[in-house]
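Quick mapping for you: the protein sequence lines, in order, are chains A and B. Under my numbering, the letters of the first sequence match residues 1 to 317, in that order. Under my numbering, the letters of the second sequence match residues 318 to 580, in that order. Taking it in order: structure first as structure tokens, then the write-up.
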Amino acid sequence: MIDTKVNLGGLEMAAPLTTASGTFGYGSEYAGLVDYRKLGAVTAKGIRIGKWPGNPMPRHCEVPGGLVNAIGLQGTGIDHFLGITVPWYAESIEEVSGAKAPPMIVNIWGGSVDEYAEVARRLSEYASANPGSPVGAIECNVSCPNVKAGGHTFGQDPAVLNGLVSAVRKETSLPLIVKLAPNVPDIRPYVKACEDGGADALALINTIPAMVIDIEKRRPVLANRTGGLSGRGIHPAAVKVVYDAYRATKLPILAMGGVYEAKDAIEFMLAGATAVALGTVLFTDPGAVGDVYDGMVDYCERHGFKAVAELTGSLEG
Amino acid sequence: MINEKCEILKHEELSAGYRLLVVNAPGMAPILVPGQFVHVKVPALEASALRRPFSVFDAEDGKVSILYKTVGRGTAALNAANVGDTLEVIGPLGHGFPVECGGAAFLVGGGFGVAPLYFLAKRMIAGGHKGRIALFAGGRTKEDLLAIDDFKALGVEVHLATNDGSAGEKGLVTVPLDEQIVKHLERGENFEFFACGPDPMLKAIAIKAVGLGKKGWISMDRHMICGVGACYACIQKTVRGNSRCCIEGPVFAAEDLVWEEAK
Numbered sequence: 001m002i003d004t005k006v007n008l009g010g011l012e013m014a015a016p017l018t019t020a021s022g023t024f025g026y027g028s029e030y031a032g033l034v035d036y037r038k039l040g041a042v043t044a045k046g047i048r049i050g051k052w053p054g055n056p057m058p059r060h061c062e063v064p065g066g067l068v069n070a071i072g073l074q075g076t077g078i079d080h081f082l083g084i085t086v087p088w089y090a091e092s093i094e095e096v097s098g099a100k101a102p103p104m105i106v107n108i109w110g111g112s113v114d115e116y117a118e119v120a121r122r123l124s125e126y127a128s129a130n131p132g133s134p135v136g137a138i139e140c141n142v143s144c145p146n147v148k149a150g151g152h153t154f155g156q157d158p159a160v161l162n163g164l165v166s167a168v169r170k171e172t173s174l175p176l177i178v179k180l181a182p183n184v185p186d187i188r189p190y191v192k193a194c195e196d197g198g199a200d201a202l203a204l205i206n207t208i209p210a211m212v213i214d215i216e217k218r219r220p221v222l223a224n225r226t227g228g229l230s231g232r233g234i235h236p237a238a239v240k241v242v243y244d245a246y247r248a249t250k251l252p253i254l255a256m257g258g259v260y261e262a263k264d265a266i267e268f269m270l271a272g273a274t275a276v277a278l279g280t281v282l283f284t285d286p287g288a289v290g291d292v293y294d295g296m297v298d299y300c301e302r303h304g305f306k307a308v309a310e311l312t313g314s315l316e317g
Numbered sequence: 318m319i320n321e322k323c324e325i326l327k328h329e330e331l332s333a334g335y336r337l338l339v340v341n342a343p344g345m346a347p348i349l350v351p352g353q354f355v356h357v358k359v360p361a362l363e364a365s366a367l368r369r370p371f372s373v374f375d376a377e378d379g380k381v382s383i384l385y386k387t388v389g390r391g392t393a394a395l396n397a398a399n400v401g402d403t404l405e406v407i408g409p410l411g412h413g414f415p416v417e418c419g420g421a422a423f424l425v426g427g428g429f430g431v432a433p434l435y436f437l438a439k440r441m442i443a444g445g446h447k448g449r450i451a452l453f454a455g456g457r458t459k460e461d462l463l464a465i466d467d468f469k470a471l472g473v474e475v476h477l478a479t480n481d482g483s484a485g486e487k488g489l490v491t492v493p494l495d496e497q498i499v500k501h502l503e504r505g506e507n508f509e510f511f512a513c514g515p516d517p518m519l520k521a522i523a524i525k526a527v528g529l530g531k532k533g534w535i536s537m538d539r540h541m542i543c544g545v546g547a548c549y550a551c552i553q554k555t556v557r558g559n560s561r562c563c564i565e566g567p568v569f570a571a572e573d574l575v576w577e578e579a580k
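Right, here's the structure in full:
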């Protein structure tokens with residue numbers, strides 16, 4: 001029997017898998033299609049202080065090896081999220097899966113440090129007042145490429161990033177994960193900024209900035225002009241970032257980017273990840289959650305590991 | 318909502334570019350309602366290609382039928398799927414048409430937009446709808462007019478229009494539709510619109526419905542990613558803001574839709 005538990009910066013996960021923010025709604029949309037018992041957590045779509053309309057259409061374009069999107073963080077605000085979304089998630093998933101819903105990593109973003117801090121404070125208060133609620137951790141998004149006033153600004157300068165992480169840290173005792181951008185020349189100063197700011201874990205990577213042009217119309221395909229690339233094609237790039245970050249920090253890493261099968265998740269673990277998120281694959285194959293989990297357990301059995309956590313950073317050579 | 322492994326029972330060309338696909342789907346067939354859609358994993362595309370949404374042409378005896386047009390690489394790849402192959406299909410998805418109608422039902426379809434209207438007509442008749450059911454089908458040429466004999470076999474009154482005049486009246490589908498609207502108004506008979514097709518047609522129908530104070534049910538077609546409300550890619554502007562076609566639609570009430578000027 002392989003031990004599948006992992007600890008992501010204080011968040012106890014019964015399995016090493018979660019979902020990438022933005023690909024799994026607010027946790028309950030895939031009820032009936034995903035085996036929730038094999039998810040150690042779900043990661044909700046980004047929320048902010050108030051409702052946000054997102055970008056104009058078209059918002060996505062399929063490309064060989066992946067998907068370019070510029071959804072633009074359309075979503076609900078913190079009041080609706082805590083009042084309606086979270087209780088509904090807990091109730092509906094318990095009903096469908098017959099087990100307690102996995103904890104939720106709540107992805108947050110804002111237009112200012114104060115907005116981030118406020119959302120973090122509200123989540124923290126809610127979690128304290130509602131023991132046993134799914135709210136399990138905060139994922140601070142500082143790397144969305146698709147919203148000008150959004151998180152990206154905070155993730156492109158280590159000093160600014162440090163200020164943001166410190167401010168959010170002051171407002172919450174929940175495990176604090178910071179989701180970083182891959183498009184920096186060296187990830188290490190950003191890792192350090194998160195460490196010094198009091199982050200508990202890192203999430204790597206967000207989508208890679210991308211653009212698709214309709215050559216007949218001579219116009220960008222996306223209304224936002226540019227977007228973020230996700231899917232199978234970005235996986236090796238993501239492994240490299242995780243590998244670099246792991247060697248630069250003691251913080252646990254939640255790795256994501258192009259995980260389609262168990263092999264991809266195991267690569268992340270060997271490179272240094274503590275847990276792995278599935279994203280774009282869910283759109284075609286919600287069943288991948290079960291397949292990746294089973295494949296990781298099988299790998300541990302074949303290679304003599306007693307616990308999935310032993311895989312972390314076990315790369316040889 | 319289930320992800321069902323469905324054997325292909327029939328897959329044939331109806332007319333140039335249009336195909337009929339029938340799969341065995343005992344799990345979802347009995348619970349599908351007209352206007353809902355299914356999300357199909359297309360075999361032989363690389364794993365990162367998205368599923369393709371299709372509205373349902375018919376659901377009966379544990380079988381689900383889809384009528385589709387080959388428009389891009391997803392549908393082109395689907396062409397190659399053979400009878401006996403297995404397709405992964407998620408469904409039922411979205412909100413469909415109401416099957417009750419106060420008065421005559423004007424079903425307005427552009428091209429393969431007639432697909433969900435056939436399923437709707439069938440369910441209306443099975444549900445004991447007493448009024449007229451009239452199909453208004455439009456296309457560029459007669460090749461774009463699909464399943465017309467199937468509608469006739471149900472006893473649906475059929476009105477056709479083509480841009481080139483190769484079948485029915487020459488012009489847009491609104492030509493025969495407007496004639497019937499006038500007749501019904503003159504006789505003081507109520508009617509409702511049920512529409513599926515290209516955006517300009519849907520906009521015209523929705524504006525007519527609102528202007529006439531009649532009910533209009535408009536099935537919007539937007540490129541989708543997840544199909545289940547998780548990703549927020551398939552947005553239609555409505556009076557409630559940016560609504561997701563996959564879960565808040567695809568069928569919207571005409572008065573809820575907000576039309577933006579084309580750029």
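No residue lacks a Cβ here, since even glycine has one placed at the ideal position from N, Cα and C.
Q: Using 10 angstroms around the beta-carbon of K532 of chain B, count the other beta-carbons present and answer buried if the total reaches 16, otherwise exposed.
A: buried
Q) For the candidate residues A:V212, A:A307, A:L164, A:E91, whose alpha-carbon lies nearest to that of Y190 of chain A? A) A:L164
Q | Distance, K45 of chain A Cα to G279 of chain A Cα | A | 12 Å
(Q) Using a Cβ-Cβ distance cut-off of 9 Å, determine whether K358 of chain B contacts chain E. (A) Note that chain E does not occur in the displayed structure, where the protein chains are A and B.
Q | CB-CB length for M318 of chain B against L410 of chain B, believed under 8 Å | A | 7 Å
Q) For N559 of chain B, which residues from the same chain have a beta carbon less than 7 Å from its beta carbon, with the 5 sequence-adjacent residues on both sides left out? A) I552
Q: Give every residue of the same chain whose Cβ lies closer than 6 Å to the Cβ of A117 of chain A, excluding the five residues on either side of it in the sequence, and list them in chain order.
A: A167, V168, E171
Q: Output the distance between the C-alpha atoms of K380 of chain B and F414 of chain B, rounded to the nearest integer angstrom.
A: 20 Å
Q) Should I450 of chain B and L477 of chain B be called a contact, given that it needs their Cβ atoms to be closer than 9 Å? A) no
Q. Using CA coordinates, which residue listed in A:G77, A:T76, A:M104 is at the minimum distance from Y89 of chain A?
A. A:M104
Q) Can you name the start and end residues of the alpha helix (DSSP H) that P158 of chain A belongs to? A) 158 to 171
**Q.** Residues that F371 of chain B bridges to, as DSSP identifies them
**A.** B:V355
Q | Rounded straight-line distance, which links the Cα of W52 of chain A to that of C144 of chain A | A | 14 Å
Q: Note down, in chain order, each residue of its chain lying with its Cβ closer than 8 Å to the Cβ of L123 of chain A, except the 5 sequence neighbours on either side.
A: I78, L82, V106, I108, V135, I138, T172, L174
Q. Is the beta carbon of A291 of chain A sitting closer than 9 Å to the one on L251 of chain A?
A. Just to set this straight, residue 291 of chain A is Asp in the shown sequence, not Ala. No. Outside cutoff.
**Q.** Residue burial classification, E565 of chain B (beta-carbon count within 10 angstroms, cutoff 16)
**A.** buried
Q | For E139 of chain A, the residue or residues it bridges with in DSSP | A | A:N107, A:I177
**Q.** First through last residue of the beta strand (DSSP E) which encompasses G66 of chain A
**A.** 66 to 69
Q) Do I535 of chain B and A550 of chain B have their C-beta atoms closer together than 9 Å? A) no
Q) Which residues in the same chain as T555 of chain B place their Cβ atom closer than 7 Å to its Cβ, once the five residues preceding and following it in sequence are excluded? A) F569, D573, L574, V575
Q: Let me know if P58 of chain A comes out buried or exposed under the rule of 16 or more other beta-carbons within 10 Å of its beta-carbon.
A: buried
**Q.** Proximity below 9 Å, CB of L395 of chain B to CB of L463 of chain B
**A.** no
Q.
Since I253 of chain A and L311 of chain A should fall inside the 8 Å C-beta cutoff, what is the C-beta to C-beta distance between them, to a whole number of angstroms?
A. In fact, because the Cβ distance is near 12 Å, the residues do not count as touching under 8 Å.
Q.
Given this structure, state the Cα-to-Cα distance separating K580 of chain B from A181 of chain A, to the nearest angstrom.
A. Its pLDDT being 47, under 50, K580 of chain B is placed unreliably in this model, and the coordinates cannot settle the point.
(Q) So, for V241 of chain A: in the same chain, excluding its five sequence neighbours on each side, which residues have a beta-carbon less than 6 Å away from its beta-carbon? (A) P182, I187, L204, I205
Q) Between A99 of chain A and R37 of chain A, what straight-line distance do the alpha-carbon atoms span, to the nearest angstrom? A) 7 Å
Q) Taking Cβ-Cβ distances shorter than 7 Å, what residues in chain A pair up with M318 of chain B? A) G32, L33
Q) Does the beta carbon of G396 of chain B come closer than 9 Å to any beta carbon on chain A? A) The residue you asked about is not Gly; residue 396 of chain B is Asn in the sequence shown. Closer than 9 Å: no.
Q | A526 of chain B to A571 of chain B span [Cα, whole Å] | A | 7 Å
(Q) Please report the distance separating the alpha-carbon of G54 of chain A from that of V142 of chain A. (A) 17 Å
Q: Report back the beta-carbon spacing between L8 of chain A and T249 of chain A to the nearest angstrom; my notes put them in contact at under 8 Å.
A: So it is not a contact: roughly 14 Å between Cβ atoms.
(Q) Under 9 Å, Cβ to Cβ, is there at least one residue of chain B near P16 of chain A? (A) no
Q: Grab the span of the alpha helix (DSSP H) containing G197 of chain A for me, first residue to last.
A: 188 to 197
**Q.** Opening and closing residue of the beta strand (DSSP E) in which A421 of chain B lies
**A.** 421 to 427
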